[in-house]
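Peer 1:
In the working numbering, the protein residues as written are 1 to 213.
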């Protein structure tokens, strides 16, 4: 099976702008992408394709892993849906900000027989989509995409499974997500945060994100 990883090269993770500057967010985004690629490479997926909004910096990340990339400047929904229209084989769509993801999570999802398998995010988003009949589906990301994708699957008569996994659910959008990454992560993204001086402090009785100055 082929997996697509959508990746926004510039302006990524703007919701973290209160704690990371533009350059730090860019490096963090690439670090997470590398973690996701590494996890997918350790799974039984046959092929991985990065769907990037720009070629800038992509080759340096993909080349060592032997991963292909496509450039599409359109919005996420338009880019993915144009791919699904022409796909005859099953595909998986994996978000690029899942640094806790593991190959075993991917393999467990691949073992399900339903036509649509969704791994939701913490806030109602869709972090991973497995589509066994991709041309019969369309994506509708942003907002409460989990419910939107459930509705689309049911409207089109596609069998559906919701797959709940902490490792697949934790995406990096809020400060609290960085706490989870620092507690549980051991990849490129968590190492980068630590190199910036971030750490978790629970001295006050509540776990908080701190940064050395």
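Where is the CB? At the ideal position from N, CA and C, for every residue including glycine.
1) Can you look up residue 137 in the DSSP assignment and give me helix, strand or coil?
2) From residue 18 to residue 175, what does the alpha carbon distance come to, in whole angstroms?
3) Counting along the chain, where does the beta strand (DSSP E) carrying residue 192 start and finish?
4) Looking at the secondary structure, which residues open and close the alpha helix (DSSP H) in which residue 36 lies?
5) Check residue 92 in the structure and name its three-state DSSP category.
6) Based on the DSSP output, what are the partners of residue 219 in its beta bridges?
7) Just to check my reading of the structure: residue 120 and residue 126 have Cβ atoms closer than 8 Å, yes? What is that Cβ distance to the nearest angstrom?
8) With a floor of 4 residues, list each alpha helix (DSSP H) that falls wholly inside the stretch 63–90, ordered by position along the chain.
9) Please say whether residue 188 and residue 35 have beta carbons closer to each other than 8 Å?
10) Is residue 183 helix, strand or coil when you go by DSSP?
11) Okay, do the stretch 150–168 and the stretch 194–207 touch, 3+ Cβ pairs below 8 Å being the bar?
12) Would you say residue 149 and residue 118 are within 8 Å of each other, going by their C-beta atoms?
13) Can you tell which of 28, 83 and 4 has its C-alpha closest to the C-alpha of residue 12?
Peer 2: Taking the structure as given:
1) As a first step, residue 137 is located in the chain shown; it is residue number 137 there, counting from the start. In the structure shown, residue 137 sits in coil (DSSP, three-state: anything other than H, G, I, E or B).
2) Along the chain shown, one-based indexing puts residue 18 at 18. Along the chain shown, one-based indexing puts residue 175 at 175. C-alpha separation (whole angstroms): 9 Å.
3) Residue numbering aside, residue 192 sits at position 192 when the chain shown is read from its first letter. No beta strand (DSSP E) holds residue 192; the alpha helix (DSSP H) holding it covers 188–195.
4) Locating residue 36 in the chain shown gives position 36, counting from the first residue. Looking at the DSSP string, the run of the alpha helix (DSSP H) that includes residue 36 is 22–41.
5) For the purposes of this step, residue 92 is taken as the residue at position 92 of the chain shown. Three-state result, residue 92: strand.
6) Beyond the ends of the chain as shown, which are 1 and 213, falls residue 219; an answer cannot be given.
7) The residue labelled residue 120 in the question sits at position 120 within the chain shown. The residue labelled residue 126 in the question sits at position 126 within the chain shown. 6 Å between Cβ atoms; contact.
8) 76–86
9) Locating residue 35 in the chain shown gives position 35, where the first residue counts as 1. Locating residue 188 in the chain shown gives position 188, where the first residue counts as 1. Their beta carbons are under 8 Å apart, which means residue 35 touches residue 188 by this criterion.
10) Position 183 of the chain shown holds residue 183. Judged by DSSP in its simplified three-state form, residue 183 adopts helix.
11) no
12) Along the chain shown, one-based indexing puts residue 149 at 149. Along the chain shown, one-based indexing puts residue 118 at 118. Result yes, Cβ atoms of residue 149 and residue 118 sit closer than 8 Å.
13) If you number the chain shown from 1, residue 12 lands on position 12. The shortest C-alpha separation from residue 12 is found at 28.
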